[in-house]
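Here is the structure we will look at, set down as structure tokens.
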Amino acid sequence: MSKIEIKNLTVDYTEKKNRFTALRDVSFSIEEGEFVSIIGSSGCGKSTLLSILEGINFPTSGEILIDGEPIKGTGTDRGVVFQHYSLFPWMTARKNVAFGVKQVNKTASKAERLQIADEFLEKVGLENFKNKYPSQLSGGMQQRVAIARALAMDTDILLMDEPFGAIDAKNRTILQELLLELWEGDGTSPRKTVVFVTHDIDEAILLSDKIVMMTAHPGQVYKEIEVPFDRPRNRAQLVQTKEYNKFRNRLLAMFYSDIVNKIGGEEQSKNVTSELCISCLSRCCSFSFCRIN
Amino acid sequence: MHFLFIALLLVQLLPDKLTTETYAGYVVWFAVGVEILTLIVSALIKKPLGLTLFADIVSFIYGLLIAWTLATAKFNLLKPSLFPPPGRVFWQLIGDYEKIITNILSSVGIILQGYLLAAAAAIILGLLLGSSERLGNVATYIAKFLGAIPPIVYIPYGIALLPTFRSVSVFVIFLATFWPVLAGTMSGVMNVDKKTLDSARVLNVNRFTMLFSVILPASLPQIFIGCNQGLTVSFVLLTSAEMIGAQSGLGFYIKNYSDFGDYTRTLVGLIVIGIVIVVISFGFNKIQKYLLRWKH
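As they're listed, the protein sequences go chains A and B.
Heads up, the final residue of the first sequence is numbered 293 in the numbering used here, and it's a clean run with no missing numbers.
Heads up, the final residue of the second sequence is numbered 1296 in the numbering used here, and it's a clean run with no missing numbers.
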């Protein structure tokens, strides 16, 4: 049995009498201890999918099973890191982590919770910032705290919604490597199941065991791709290999072909949404150009 | 500043033109007290900007006292019964201190009781009402309507309804504080960032934790806006109410003595009220700053 099974998930939105299909008939599964990235251009419903996994959004039809049980709402088996505002601004870094621990571990005393918080803040390199409020921390530091909280809660599953999307390139690289290191661990404890939403192909390749590529309007699974690189991974070594570049180009090609197909189809049928799609294409192109350069 | 201090002392040495006792010694003692306070403060305050501000305020007080002394005791330019010399006011202040303390306690007691009751009730009710969008919306309009009525107009009705003057005062201060705090709390609760709520939801917090550990602190800045408004109105109300029908309190002290033409004591009352309000506001700001220290 897979850890997470997504079965025929469809989500419709009604907004100002217009009906949108955010996700149509999405199905795939995630094994225990697997790191899966969901990648796609904006509007492909990847964040919607994650919000259903988080338990704060519900599908129109279909279901998600965790350990064979359908999701009924939020749960203590899942830890979440958002792109923004995961932290409570009125709590210090350490209180934020301890608060998360408290929600899953009701028996721990306050001192024990703070000790766990300190331990995980040290893992993300913030032991000297533990008494700072989020407003006193940079965006990258805030995400470190959010990761520390999710890890300290010690949930089976980790859900991450573009956690490094708003971080500058240099810090993003550092955080990706930190996450990779923390997740791969030293092999003594089982790895957590991670669902990681991103629009960055390099990030997805570096971190994942499997990449689920999605297409937009409506959101559907385009391809599931296994990432063939051994662990533990090292970015500097990995990016120099031929295999890496070949694999990356293949993914990029898929990414384009999907978008080009979409635009062609939309124009033929003179669909109103074609305008939407062109704006989405220009975004994707600018994004991929900067990747190629 | 120290120059003004010396000038103030020298001014006291000029011959009095006023025939009644001017108690110049009290001004000297007051000025010496302020000087000592200044020395203590300059040792405690580290920020040069804060120190300059303090020195400027002290200079202003000295300047005012010099002008006041000259206009009254020394040159007798103003009508002595309406404008007593400063020494006389200080003398009266010290002579009346027991009465003044009793009146301060009476006024502050009423304010605290009405204000704290109202704030606590309004915050709890606001949290509960604000959690439901529909209830929150309707309650916001009701709070705006009822809050728009100047609370002072409740006084006659309160007197008819309630047995003692004290209970009327508490009731009116309660109303004056309750509506703005309720409106502030609901606006805070209803505008909590959805991302913050989602973060709490994915942490699986229970309803109680959600309300008191997430929604309450997130709405605190807005709650304080309501509390500030309530506090300002409470002072105005209480002193006005005390001037209408009380037998104690600072408003009563002023009204009572001005009725007898004792304007020295009227001035004493004005100064004391000013000091009491500044002290309470200062304490309130400290609390607010501490509770909102996570902002910025």
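Using N, Cα and C, we set each Cβ at its ideal position, and we do this for glycine too.
Given the structure is predicted, the values throughout are model-derived calculations rather than measurements.
Coil, strand or helix - residue i by DSSP
{"i": "residue 196 (chain A)", "result": "strand"}
{"i": "residue 1178 (chain B)", "result": "helix"}
{"i": "residue 59 (chain A)", "result": "coil"}
{"i": "residue 40 (chain A)", "result": "coil"}
{"i": "residue 29 (chain A)", "result": "strand"}
{"i": "residue 133 (chain A)", "result": "coil"}
{"i": "residue 95 (chain A)", "result": "helix"}
{"i": "residue 1045 (chain B)", "result": "coil"}
{"i": "residue 161 (chain A)", "result": "strand"}
{"i": "residue 1033 (chain B)", "result": "helix"}
{"i": "residue 305 (chain A)", "result": "The requested residue 305 (chain A) does not occur in the structure, where chain A is confined to residues 1 to 293."}
{"i": "residue 1207 (chain B)", "result": "helix"}
{"i": "residue 78 (chain A)", "result": "strand"}
{"i": "residue 229 (chain A)", "result": "coil"}
{"i": "residue 125 (chain A)", "result": "coil"}
{"i": "residue 24 (chain A)", "result": "strand"}
{"i": "residue 1269 (chain B)", "result": "helix"}
{"i": "residue 85 (chain A)", "result": "coil"}
{"i": "residue 45 (chain A)", "result": "coil"}
{"i": "residue 113 (chain A)", "result": "helix"}
Cβ of residue i within 9 Å of any chain A Cβ
{"i": "residue 1213 (chain B)", "result": "yes"}
{"i": "residue 1010 (chain B)", "result": "no"}
{"i": "residue 1191 (chain B)", "result": "no"}
{"i": "residue 1134 (chain B)", "result": "no"}
{"i": "residue 1199 (chain B)", "result": "yes"}
{"i": "residue 1294 (chain B)", "result": "yes"}
Residue from the options with nearest C-alpha to residue i
{"i": "residue 34 (chain A)", "options": "A:214, A:232, A:191", "result": "A:191"}
{"i": "residue 20 (chain A)", "options": "A:255, A:218, A:229", "result": "A:218"}
{"i": "residue 104 (chain A)", "options": "A:127, A:89, A:175, A:80", "result": "A:80"}
{"i": "residue 239 (chain A)", "options": "A:205, A:46, A:122", "result": "A:205"}
{"i": "residue 171 (chain A)", "options": "A:189, A:211, A:128, A:124", "result": "A:124"}
{"i": "residue 1265 (chain B)", "options": "B:1083, B:1072, B:1014", "result": "B:1083"}
{"i": "residue 28 (chain A)", "options": "A:8, A:41, A:184", "result": "A:8"}
{"i": "residue 1124 (chain B)", "options": "B:1208, B:1237, B:1053, B:1071", "result": "B:1208"}
{"i": "residue 1169 (chain B)", "options": "B:1092, B:1108, B:1015, B:1190", "result": "B:1108"}
{"i": "residue 1091 (chain B)", "options": "B:1021, B:1132, B:1050, B:1066", "result": "B:1021"}
{"i": "residue 84 (chain A)", "options": "A:203, A:139, A:221, A:129", "result": "A:139"}
{"i": "residue 13 (chain A)", "options": "A:57, A:40, A:6", "result": "A:57"}
{"i": "residue 226 (chain A)", "options": "A:131, A:250, A:167", "result": "A:250"}
{"i": "residue 1217 (chain B)", "options": "B:1189, B:1252, B:1156, B:1235", "result": "B:1189"}
{"i": "residue 1066 (chain B)", "options": "B:1097, B:1045, B:1013", "result": "B:1013"}
{"i": "residue 1175 (chain B)", "options": "B:1145, B:1118, B:1191, B:1199", "result": "B:1118"}
{"i": "residue 1293 (chain B)", "options": "A:10, A:220, A:89", "result": "A:89"}
{"i": "residue 154 (chain A)", "options": "A:72, A:18, A:78, A:185", "result": "A:78"}
Residue-level contact to chain B via CB, residue i, 9 Å cutoff
{"i": "residue 54 (chain A)", "result": "yes"}
{"i": "residue 194 (chain A)", "result": "no"}
{"i": "residue 271 (chain A)", "result": "Caution applies to residue 271 (chain A), whose pLDDT of 42 falls short of 50 and renders its modelled position unreliable; the value that the coordinates give is listed next. Judged by the 9 Å Cβ criterion, residue 271 (chain A) is not in contact with chain B."}
{"i": "residue 183 (chain A)", "result": "no"}
{"i": "residue 103 (chain A)", "result": "yes"}
{"i": "residue 129 (chain A)", "result": "no"}
{"i": "residue 74 (chain A)", "result": "yes"}
Opposing strand residues paired with residue i [DSSP bridges]
{"i": "residue 70 (chain A)", "result": "A:65"}
{"i": "residue 14 (chain A)", "result": "A:19"}
{"i": "residue 224 (chain A)", "result": "A:212"}
{"i": "residue 35 (chain A)", "result": "A:194"}
{"i": "residue 219 (chain A)", "result": "A:23"}
Q. Taking contact to mean at least 3 C-beta pairs separated by less than 8 Å, is the region 1221-1233 of chain B in contact with the region 1169-1184 of chain B?
A. yes
Q) Are three or more beta carbon pairs between the region 1131-1142 of chain B and the region 1272-1283 of chain B nearer than 8 Å? A) No contact exists between the region 1131-1142 of chain B and the region 1272-1283 of chain B.
Q. At a cut of 8 Å, does the region 192-211 of chain A reach the region 40-57 of chain A through at least three beta carbon pairs?
A. yes
Q. Taking contact to mean at least 3 C-beta pairs separated by less than 8 Å, is the region 1098-1115 of chain B in contact with the region 1235-1244 of chain B?
A. Enough Cβ pairs lie closer than 8 Å, so yes.
Q: Pair every Cβ in the region 92-111 of chain A with every Cβ in the region 157-169 of chain A, then say whether three or more of these pairs are closer than 8 Å.
A: no
Q: Evaluate contact between the region 1241-1250 of chain B and the region 1158-1165 of chain B, counting only Cβ atoms and requiring at least three cross-stretch pairs below 8 Å.
A: yes
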